[in-house]
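Under full-length UniProt numbering, think of the first position of the sequence shown as 1, with each following residue one higher. Here a beta-carbon is modelled for each residue, glycine too, at the ideal position from N, C-alpha and C.
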Amino acid sequence: MTNVLILGGTGWLSGRIARRWLESGAAVTCLARGGRLAPAGAVLVTGDRDDHEVYSALARKDWDHVVDISSQAAHVVAAVEALGDRTARWTYVSSLSVYADDATVGADESAPRHPAARPGDEYEYGAQKAAAEDAVMMLGDRAFIVRPGLIVGDGDPSDRFGYWAAAFSRAGEEPVLLPPLERRSAQVIDVDDVAAYIVAATRSGAVNAIGDEHPLADLLQTVREEAGHTGETVVADEEWLRAHGVAHWAGPLSLPLWLPPEMSGFMTRSNSAFHDSGGHLRPLADTVRRVVADERTRGVDRERRAGLTRAQEKALLADR
Ligand SMILES: NC(=O)c1ccc[n+]([C@@H]2O[C@H](COP(=O)([O-])OP(=O)(O)OC[C@H]3O[C@@H](n4cnc5c(N)ncnc54)[C@H](OP(=O)(O)O)[C@@H]3O)[C@@H](O)[C@H]2O)c1
């Protein structure tokens with residue numbers, strides 16, 4: 001039986017990876033602090049990775065596969081040091097945020113990365129991911145680095161993609177405010193497609209795990225149709241949104257998936273290596289259907305980590 005250790009395994013993506021492995025018949029152990037449950041059938045070892053001794057019990061056996069999702073380089077460095085010699089294959093979930101250049105359209109895995117963070121540096125996500133990648137790469141052919149783009153699906157804790165499902169659902173016959181759409185695209189990947197890829201992949205090196213490119217207008221229209229929105233759509237321009245304090249991409253008072261022109265390479269990266277190494281992308285409409293249902297279950301007016309409240313959206317629309 002395949003013995004898999006997931007450093008994490010109780011979170012959103014890492015939980016799906018754990019579940020996928022269990023479904024394939026593997027024995028799965030998860031390491032987490034224990035605030036959330038591991039998927040049924042997995043063994044949960046509790047411990048805090050801020051304490052590097054946390055790996056000592058896990059280092060007493062051999063692992064066929066370790067998966068790490070941490071975004072703290074110190075955690076990853078310590079894990080590789082403690083478990084690297086006893087592990088046949090190691091997958092690290094990095095991010096497209098590791099790349100230094102967000103402007104070049106079509107860039108592949110050879111694009112330059114941010115300089116790797118050094119111990120004591122102020123926390124910067126891309127630099128931490130780069131340092132973590134370097135630690136895992138020390139394992140040579142046993143190392144596999146997965147760099148996801150925007151991961152979407154039901155249960156997404158970031159609230160970004162789901163914002164559009166909620167916005168179109170809550171508006172009904174009333175207008176919805178959209179970001180600039182001309183020459184804008186989006187790449188999204190379903191959380192379960194990332195999990196399936198990690199479990200099935202056999203290659204080493206680094207691979208962008210990202211969706212195919214869709215015109216942003218088409219993607220939002222797919223969400224709108226699934227949500228049954230029949231009201232007007234009002235496209236705002238860049239300057240007007242900025243003047244009204246609306247942020248791009250994420251966070252409060254934002255329009256998720258909107259990127260400024262200088263980031264036109266952020267969601268137009270190459271996913272050829274993903275496709276060539278067995279990566280499968282389900283139809284966008286399947287993901288959208290699940291996300292709309294999930295947002296309605298969770299409540300389209302709930303407090304969110306990203307997007308506009310309906311009150312903010314209405315105030316902006318009234319000011320047009
Ligand atoms: N969302 C996106 O669009 C996107 C895009 C690119 C890349 N990514 C990457 O995708 C991954 C997301 O993974 P995820 O969804 O599973 O993350 P998550 O939901 O934040 O879960 C984090 C996991 O790590 C555990 N953990 C956190 N701190 C710990 C500590 N100090 N000691 C021990 N365990 C700890 C958590 O359990 P406890 O809290 O119980 O400890 C949990 O199991 C990350 O690597 C992220 O950078 C995401």
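For residue i, which residues in the same chain have their Cβ closer than 6 Å to its Cβ, ignoring the five residues on either side in sequence?
i, result
"Ile145", "Tyr92, Ser94, Glu133 and Ala206"
"Asp108", "Ser270"
"Pro175", "Gly231, Glu232, Val234 and Leu317"
Whole angstroms are fine: how far does the CA of residue j sit from the CA of residue i?
i, j, result
"Leu44", "Pro115", "34 Å"
"Ser158", "Arg305", "6 Å"
"Arg20", "Ser71", "22 Å"
"Val246", "Ala73", "32 Å"
"Asp64", "Gly47", "21 Å"
"His52", "Leu13", "23 Å"
"Ala166", "Arg320", "22 Å"
"Ala88", "Pro260", "42 Å"
"Ser254", "Ala201", "36 Å"
"Glu173", "Pro179", "19 Å"
"Arg33", "Gln312", "37 Å"
"Ala103", "Glu303", "32 Å"
Using 10 angstroms around the beta-carbon of residue i, count the other beta-carbons present and answer buried if the total reaches 16, otherwise exposed.
i, result
"Gly153", "buried"
"Thr230", "exposed"
"Ala26", "buried"
"His75", "buried"
"Leu37", "exposed"
"Pro256", "buried"
"Arg242", "exposed"
"Asp62", "exposed"
In chain order, what residues of the same chain have a beta carbon less than 7 Å from the beta carbon of residue i, not counting five sequence neighbours either side?
i, result
"Ala127", "His114, Pro115, Ala116, Ala117 and Asp121"
"Asp301", "Arg170 and Arg310"
"Ala79", "Leu7, Tyr55 and Asp68"
"Gly97", "For the record, residue 97 in the displayed sequence is Ser; it is not Gly. Hits under 7 Å: Tyr125, Gly126 and Lys129."
"Leu222", "The residue you asked about is not Leu; residue 222 is Thr in the sequence shown. For Thr222, where only same-chain residues beyond five positions count, the Cβ hits under 7 Å are Leu284, Ala285 and Val288."
"Val291", "Val152, Gly153, Asp154, Phe161, Gly162 and Ala165"
"Pro39", "Gly15, Ala18, Arg19 and Leu22"
Could you pull out every residue in the same chain whose Cβ sits closer than 8 Å to the Cβ of residue i, ignoring the five residues on either side in sequence?
i, result
"Asp212", "Gln187, Asn271 and Leu281"
"residue 339", "The requested residue 339 is not part of the displayed model; the chain covers only 1 to 320."
"Gly35", "Thr10"
* How about the segment 231 to 242 and the segment 293 to 310: do they share at least three Cβ pairs that are nearer than 8 Å? -> no
* In the segment 206 to 274, which residue ranges form an unbroken alpha helix (DSSP H) of at least 4 residues, counting only runs that do not cross its ends? -> 216 to 227 and 238 to 243
* **Secondary structure, alpha helix (DSSP H): runs of 4+ residues fully inside the segment 12 to 53** => 12 to 23
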